[in-house]
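Everything on this sheet refers to the single structure shown next.
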Amino acid sequence: MSNKHLGHTARKRFGQNFLHDPFVIDKIVSAIGPKNGENLVEIGPGLGALTEPVAELVDDLTVVELDRDLAKRLRSHPFIQDKLNVVEQDALKFDFSSMVDGNQKLRVFGNLPYNISTPLMFHLFKFCNHIQDMHFMLQLEVVKRLCATHGDKLYGRLSVMAQYYCKAVPVVMVPPTAFKPAPKVDSAVVRLIPHKQPIVDLHCIDTLQQVVTSAFNQRRKTIRNSLKNLLDEQQITTLDIDPSFRAEKLSLADFAALANAVFENIN
Ligand code: SAM
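Residue numbers for the sequence shown, in the UniProt record's numbering: 1 to 267.
Right under this line is the structure:
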């Protein structure tokens with residue numbers, strides 16, 4: 001199948017799979033529900049599959065696009081160029097707080113380049129207190145990981161860290177045929193809503209990250225073993241957590257308690 005769509009050859013290195021199915025596009029835009037006056041930011045607008053219908057509903061829309069040719073195309077878009085603020089930048093390095101206007105939080109959305117979707121979400125989590133919500137097209141498996149709870153097969157580092165910051169809900173399922181070129185995997189749109197207040201008591205996010213990474217890097221091991229450089233068995237037991245459990249059995253609250261104990265050990 002040709003990788004050309006609307007006169008542009010899709011670039012694999014930029015994770016370009018363009019949406020072309022009007023039914024799917026409509027469902028995604030309805031799920032986002034953009035309203036005039038909101039502070040909307042799209043990541044990776046590409047050829048404008050989501051940009052155009054969203055821009056029809058609002059007066060202003062900021063888009064962050066790394067591909068110079070696509071950014072140029074959007075700046076001279078025949079119908080919506082006046083509504084667009086085109087930021088030609090790497091979204092992984094973009095300071096999303098720079099878009100915040102007064103008290104109005106951001107509504108971020110995009111059909112993300114799959115090759116960088118996880119680091120991109122981790123980058124965005126840092127700005128969660130400036131964000132009202134996010135809607136992202138991702139590989140279905142990544143959406144399942146984001147939404148998985150302890151005990152689920154796909155529960156892992158991404159589930160714990162994402163759920164520390166946000167509530168995650170799948171909203172639209174998308175087949176490969178909705179894209180050009182078609183990806184090899186199923187996709188889905190997830191809605192991520194940052195918590196207004198922390199849902200667990202946590203002293204230090206870096207320590208949570210360290211504990212979660214250590215526990216899931218050796219996910220077949222019991223936490224007695226995978227965390228042995230950070231906590232001794234006695235300390236784990238004191239927290240009412242069974243040291244013979246594997247990481248997949250621990251809730252976010254358990255990980256936060258373990259991280260707080262590690263933090264207190266160090267400080
Ligand atoms: N939104 C369009 C659509 O749905 O058809 C395009 C989606 S395509 C999967 C991903 C888009 O993200 C492409 O336009 C690509 O050039 C852009 N992109 C890739 N890496 C990026 C990055 N680091 N920062 C910003 N945009 C990026």
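Cβ atoms here follow ideal geometry from the backbone N, Cα and C, with glycine treated the same way.
Can you tell me where the alpha helix (DSSP H) with residue i in it begins and where it stops?
{"i": "L252", "result": "L252 to I266"}
{"i": "S214", "result": "I205 to N217"}
{"i": "P170", "result": "Taken as a continuous stretch (DSSP letters only), P170 belongs to no alpha helix (DSSP H), being part of the beta strand (DSSP E) at C166 to V174."}
{"i": "Q234", "result": "E233 to T238"}
Using the rule of at least 16 other Cβ atoms within 10 Å of the residue's Cβ for burial, across every protein chain shown, is residue i buried or exposed?
{"i": "R73", "result": "buried"}
{"i": "Q234", "result": "exposed"}
{"i": "I266", "result": "exposed"}
{"i": "G46", "result": "buried"}
{"i": "T118", "result": "buried"}
{"i": "P113", "result": "buried"}
{"i": "Q16", "result": "buried"}
{"i": "N229", "result": "exposed"}
{"i": "T213", "result": "exposed"}
{"i": "K93", "result": "exposed"}
{"i": "residue 276", "result": "As shown, the chain starts at 1 and ends at 267. That puts residue 276 outside it, with no answer to give."}
{"i": "R68", "result": "exposed"}
What residue range is occupied by the uninterrupted beta strand (DSSP E) comprising residue i?
{"i": "R191", "result": "S187 to P194"}
In the DSSP output, which residue or residues are listed as bridge partners for residue i?
{"i": "T222", "result": "R246"}
{"i": "L106", "result": "N39 and I131"}
{"i": "T9", "result": "K4"}
{"i": "F96", "result": "DSSP output for F96 lists no bridge partner at all."}
{"i": "K180", "result": "F18"}
Hey, which unbroken runs of the beta strand (DSSP E) at 3 residues or more fall wholly within the segment 111-163? 131-139, all fully within the segment 111-163.
Any 3 or more C-beta pairs closer than 8 Å across the segment 251-264 and the segment 206-215: They touch, by the three-pair rule.
Please list the segments of the alpha helix (DSSP H) lying wholly inside the segment 13-91, counting only runs of 4 or more residues, in order along the chain. Listed in chain order, the complete alpha helix (DSSP H) runs (minimum 4 residues) inside the segment 13-91 are 22-32, 51-57 and 68-75.
At least three beta-carbon pairs within less than 8 Å, the segment 215-224 to the segment 169-189: Short answer: they don't touch.
Does the segment 3-10 come within contact of the segment 26-44, defined as at least 3 CB pairs closer than 8 Å? Contact annotation: the segment 3-10 does not touch the segment 26-44, with fewer than three C-beta pairs closer than 8 Å.
Below 8 Å, how does it come out for the segment 129-146 and the segment 228-242: are there three or more Cβ pairs, yes or no? Not touching, per the Cβ criterion.
Any chance the segment 82-94 sits against the segment 54-74, with 3 or more Cβ pairs inside 8 Å? Result yes; three or more Cβ-Cβ pairs closer than 8 Å.
Three or more C-beta pairs closer than 8 Å, one from the segment 125-135 and one from the segment 157-167: is that the case here? Counting Cβ pairs under 8 Å, three or more are found: they touch.
Does the segment 144-161 touch the segment 244-253, meaning 3 or more C-beta pairs lie closer than 8 Å? As far as the Cβ criterion goes, the segment 244-253 touches the segment 144-161, which means the pair count is three or higher.
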